[in-house]
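Residue numbers (the numbering used here), protein chains in the order written: chain A, 1 to 532; chain B, 1001 to 1391. Heads up, the beta-carbon is just placed ideally off N, CA and C, and yes, glycines get one too.
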Amino acid sequence: METLQFDDLIAPADIREYPVSLTTTEANLTGSWKFSRPRQAKKTAPCRDACPLGVDIADWLHLLVRGERDAALHRLRAVNPLPASTGRVCPQFCRRACTRRDHDAAVRSGALERYIGDYGLGVPFPVPASATGWSVAVIGSGPAGLAAAASLAAAGVAVTVYEREAAPGGMLRCGIPAYRLPKEILAREIDNLVISLGIQLCCNVPVDDRMLAELLGEHAFVLAAPGLGGSPLPAGIGAGPGVYRGLELLRRLAAGEVLPGDRFAVIGGGNAAIDAARSLVRHGRQATIIYRRGIEEMPAYPEERREALEEGVEIRLGTIVAAARGVDGGRVELDLHEALRAADGTVSTGSFSDRLTVDGLVAAIGQKASWQPESHKRLLTAGDFHHGPASVAEALAGGRRAALEMLRRRGMAREPAVGPAEIAANPAALAVLAPQPGVDPPRVPHRERRNSFREVCGPLSAEEALQEAARCLRCGTCTACGLCWFFCPDQAVVIDQRGVEPVVRFDYDHCKGCGLCAASCPRGVIDMEEDS
Amino acid sequence: MTSQDPVTPARHVREMLLGSDAVAHGVRLCRPAVVSAYPITPQTHIIETLSEMVDRGELPAEFIKVESEMSAIAACLGAVSAGVRAFTATSSQGLAMMHEILHWVAGARLPLVMVNANRALGAPWNIWADQSDSLSQRDTGWLQLYGETAQEALDGVIIAYRVTEALRVPVMVMLDGFIGSHTMEPLFIPDPGLVDDYLPPYTPVDYLDPDNPLTLCAATAPDSFYELKKGHARAMERAFDVLDKTFAEFGDRFGRRYAAVETAGTDDAEILVLSTGALTGTVRVALDRLRRQGVPAGLLKLRLVRPFPRWQLRHLLTGRRRVIVLNRAVSYGAGGILTQELRAACCGMADAPAIHDVIVSLGGKEVYPETIEEIVVRADELSPDESVWRP
Ligand SMILES: Cc1cc2nc3c(=O)[nH]c(=O)nc-3n(C[C@H](O)[C@H](O)[C@H](O)COP(=O)(O)OP(=O)(O)OC[C@H]3O[C@@H](n4cnc5c(N)ncnc54)[C@H](O)[C@@H]3O)c2cc1C
Ligand code: SF4
Ligand code: SF4
Ligand code: SF4
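Below, the structure is given as structure tokens:
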């Protein structure tokens, strides 16, 4: 081949026959081109942020995966003293926020909580701190009262809990039916808590204003967590034979009482309405729920709604019971009207649509406080009584918050356990991870659920629990997974694993600020910030 | 036949296999670390067999599944940039889709081997043998090796790795769609140890390595660009020599001797027929019959199209009356692609023979020995200035 000489332009030694740099390109500080730079920081997982209690799910699951089951249990119970119960009844605010949700399936944190909670039924709480010398009285042994008692007792405060009913638990015992939370599990969980933390529990003691004054005299603080009372009857419906209030009905059915009649109508759209209908079905009755709005607007948890429909509960939507009359044979005749919806969402009674005759009518339309004590600066409140009807987790959180407030006021300042302010979420990065949907815990088939208060949802086996726990990404915490390293086109990511927790460092001399590391981190711990 | 039985007692297994399986065995023996490909008829069997070999652990390679041929070749580009042996196979539209990256692999001077099962390009839709796919990629800077039999494809893959690693020019090994890929043939599958001796593990130079960061294919100023391209052209010139030596060493070790241009019955022939690929088998039958009828015509079997073996061909054409070029690909408006290549090679040659451009088949149109016989017998009537299309 003939070739013209360009030696004056390029010395042949300065060039290879193929396009490659002749020396390392490290000297080329490509980092000077960047407009933004990555920064890694520990953050709070979205599940933790969503949990009213702020449970650090990733943390205790990680202990479980590492085989430290007791440590996992204690870490969880320090924040949530009733995991066997919440693991069954909590609507799992955490799961709805889980980063895996749209990728394969949200981590089954409830089932896992139940798994560790059941294990914990036989494991005492850690020995409380040495006695502080002061005491607190708690009114009500629902989740709010028990959570406060647990936090205080663990800190060495002498706690006495007064409960009006014959047994502790509040709505966990009187409201939520056994097919969702077996009474025996609840009793064992509370016993373990009360006994191992040395809490004084006095049942059958209704506290009134006079007794409250005495308690304020004897104790450093009093916490009122009496929950809410029964539901009122709706307008147009008077008390009479065959007319029941939701909570009262639940209590009587749970006690095994046989109510007359076959066909029942339940007014309401909350958990109490659904639980009443499902309990009736279990007594061999037909139940129709009548609700004013649409199915999506029902305050009851979607899971419950679905199970109720499976079990044969009928739901009539957009319908109002305008009037109810007692008729022959102790039956109740209902006038059903269409619900009219105004532009602002309010609902009013429209025209007549149907007449329904039932053997029983159940009103489950919300709860009201039955007691209003006079305020006092050493009287704190928590739970449903404090914030209105909510959930077990919120009541637990409120009780715990009240306890921490008392400790703070007594100079035993303890910062409530919250994570860093920033929330870690980067679900898009999960695209590179193979889906691992895991398995749902077993459920009793719906045909077998009728006529039985047997628990609907079964447990995870130990093996399934470990597999499920291992699905948790640990959002907000770097796990040295290496994805950022893999995707960085400039080899500018250095994962340093010498410390207790891995740290990602960046070679800012070569990082061009492309942001691929941040985009690829499934735990959302890398952010891009402006580079000056 | 040039695929003779072994002259030296080479270690091998003899088996009846499909052409595509033959290729897969050739690839397995070369131990690539990465295989990435996308299925396309009639190549699919090759990568299917390879994926099964990877699955069974017979080929310890990373099999990268991709969503297109473009990604397959890009994955191979990444693999060879990182300094490992890689393989891909494709055909027809798949090869066309790879076009941009074909330039990039060659321009980067990276060693890569691919097998292309020659098939027509649409439209209209057609899946049969045709060389339009690979010949329309002849300017991408790849070395192109065509084969008559599945054995040549199998051996060609092994030879190709030696050549590509020596020259840093990627190699495309061709096998006819269906005729080559989907028919069975008794094959010699060489002993792995023998191949390991012939083709030692790949030792890369100048590859992507985080511990010694280099830039491959950075933006290049005009003068350097020109120099790099000059280098590529030089490498193509060196290829003749490298290929000769590699063929020779292969012949010594495995007993099958190959060349860039192979011949049969040319000594006394005034007329030569130039053919490529599986068509050559038909040409052999036709030329035998003609010889028996007293028409001595010789065969030029072209195995190497890039670089084009112009000096060797000029030498072989010296003193002949005419050469008939059988094309399976057309550059519309300019005639058969191989004819143009040959004409360019003979340009300026004193006493060049008449070069007849015959478009013998496209899209798998059947070619019978009689077709060839008739063309040779009636060659006198054909004008060398016109392309000849069959009725
Ligand atoms: C039918 C039903 C189903 C529900 N299902 C769920 C569910 O699935 N998941 C969920 O998260 N939440 C559910 N909830 C809500 C949840 O149960 C409550 O939000 C929660 O129990 C409130 O806890 P608390 O401690 O504030 O009050 P409660 O649980 O109501 O406890 C208050 C306790 O105080 C006692 N008490 C009241 N007055 C006095 C007094 N004067 N002296 C002494 N003791 C007194 C009561 O007897 C009671 O034991 C449900 C509620 C109902 C009614
Ligand atoms: S208490 Fe509820 S929201 Fe919190 S971690 Fe447990 S299941 Fe999730
Ligand atoms: S993956 Fe784990 S840490 Fe992340 S949101 Fe889900 S449960 Fe929480
Ligand atoms: S991608 Fe993995 S290694 Fe990188 S910061 Fe996120 S968790 Fe850590």
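Strictly under 8 Å for the Cβ-Cβ distance: is Val20 of chain A near chain C by that measure? Absent from the structure: chain C. Protein chains present are A and B.
How about Met1114 of chain B and Met1070 of chain B: do their beta carbons lie closer than 8 Å? The beta carbons of Met1114 of chain B and Met1070 of chain B sit no closer together than 8 Å.
Need the endpoints of the alpha helix (DSSP H) that Gln1340 of chain B sits in, please. 1337–1346
Where Leu29 of chain A falls, given that 16 or more other Cβ within 10 Å makes a residue buried: The Cβ neighbour count for Leu29 of chain A, taken over all protein chains shown within 10 Å, is under 16; the residue is labelled exposed.
Are three or more beta carbon pairs between the region 422–436 of chain A and the region 177–184 of chain A nearer than 8 Å? No, the region 422–436 of chain A is not in contact with the region 177–184 of chain A.
For ligand 4, is there a heavy atom less than 7 Å away from the beta-carbon of Val123 of chain A? no
Can you tell which of A:Ala106, A:Asp49, A:Gly133, A:Tyr115 has the C-alpha that lies nearest to the C-alpha of Cys457 of chain A? A:Tyr115
Gln491 of chain A at chain B interface by Cβ criterion, 8 Å: yes
Along the region 1211–1228 of chain B, where does the CB come closer than 7 Å to a CB of chain A? Name the residues. Asn1212, Pro1213, Leu1214, Thr1215, Leu1216, Cys1217, Ala1218, Thr1220, Asp1223, Ser1224, Glu1227, Leu1228
Which chain A residues sit within Cβ distance under 9 Å of Glu1235 of chain B? Note that residue 1235 of chain B is Ala in the sequence shown here, rather than Glu. Under a criterion of Cβ atoms nearer than 9 Å, the residues of chain A adjacent to Ala1235 of chain B are, in order, Glu17, Tyr18.
For a contact meaning CB atoms closer than 7 Å, what does Thr44 of chain A contact in chain B? Going along chain B, no residue has its Cβ under 7 Å from Thr44 of chain A, so there is no contact; the nearest lies around 33 Å.
Less than 8 Å between the CB atoms is what I'm expecting for Leu233 of chain A and Ala363 of chain A, so what's the real figure, rounded? 5 Å
Check for me: the beta strand (DSSP E) holding Ala1264 of chain B runs from which residue to which? 1261–1264
When you compare only the Cα positions, how much space is there between Arg1138 of chain B and Arg505 of chain A? 47 Å
Length of the line joining the Cα atoms of Leu197 of chain A and Val79 of chain A: Near 14 Å, if we compare the C-alpha coordinates of Val79 of chain A and Leu197 of chain A.
Which residue marks the beginning of the beta strand (DSSP E) containing Phe506 of chain A, and which one marks its end? 503–506
Meets three-Cβ-pair contact criterion under 8 Å: the region 190–210 of chain A and the region 349–368 of chain A: When Cβ pairs closer than 8 Å are counted between the two stretches, the region 190–210 of chain A is seen not to touch the region 349–368 of chain A, the count staying below three.
Any beta-carbon of chain A closer than 8 Å to the one on Arg1109 of chain B? yes
Look up His219 of chain A in the DSSP assignment and say whether it is helix, strand or coil. coil
Taking any Cβ of chain A, which residues in the region 1126–1146 of chain B have a Cβ under 8 Å from it, in chain order? none
Between which two residues does the alpha helix (DSSP H) holding Ser85 of chain A run? 83–89
If you draw a straight line from the alpha carbon of Glu1373 of chain B to that of Leu1326 of chain B, how long is it in whole angstroms? 12 Å
Would you call Arg545 of chain A buried or exposed, if buried means 16 or more other Cβ atoms sit within 10 Å of its Cβ? Since the first residue shown for chain A is 1 and the last is 532, residue 545 of chain A is missing from the structure and cannot be characterised.
Between which residues of its own chain and Phe93 of chain A is the CB-CB distance below 6 Å, once the five residues before and five after are set aside? Ala50, Cys51
Could you tell me which residues DSSP puts in a beta bridge with Asn1118 of chain B? The partner list for Asn1118 of chain B (beta bridge, DSSP) reads B:Asp1176.
Which of helix, strand or coil does DSSP assign to Tyr162 of chain A? strand
Which ranges would you report for the beta strand (DSSP E) in the region 1178–1205 of chain B if only whole runs of at least 3 residues count? 1184–1190
Residue nearest to Leu146 of chain A in terms of C-alpha spacing, selected from A:Gly482, A:Thr477, A:Val392, A:Val321: Comparing Cα-Cα distances from Leu146 of chain A to each of A:Gly482, A:Thr477, A:Val392, A:Val321, the minimum goes to A:Val392.
Shorter than 8 Å from the beta carbon of Thr25 of chain A to some beta carbon of chain B? yes
I need the straight-line Cα distance from Gly67 of chain A to Val107 of chain A, nearest angstrom please. 18 Å
Exposed unless 16 or more other CB atoms sit within 10 angstroms - verdict on Leu22 of chain A: exposed
Got a sec: does ligand 3 put a non-hydrogen atom nearer than 7 Å to the Cβ of Thr99 of chain A? yes
How big is the Cα-Cα spacing for His1232 of chain B and Lys43 of chain A? 53 Å
Within its chain, find whatever has a CB closer than 7 Å to the CB of Ala105 of chain A; leave out the 5 residues flanking it on each side and keep chain order. Pro437, Gly438
With a threshold of 7 Å (Cβ to nearest heavy atom), would Ile57 of chain A be considered close to ligand 3? yes
Cα-Cα, which of A:Met528, A:Val525, A:Gln491, A:Pro19 is closest to Ala1221 of chain B? A:Pro19
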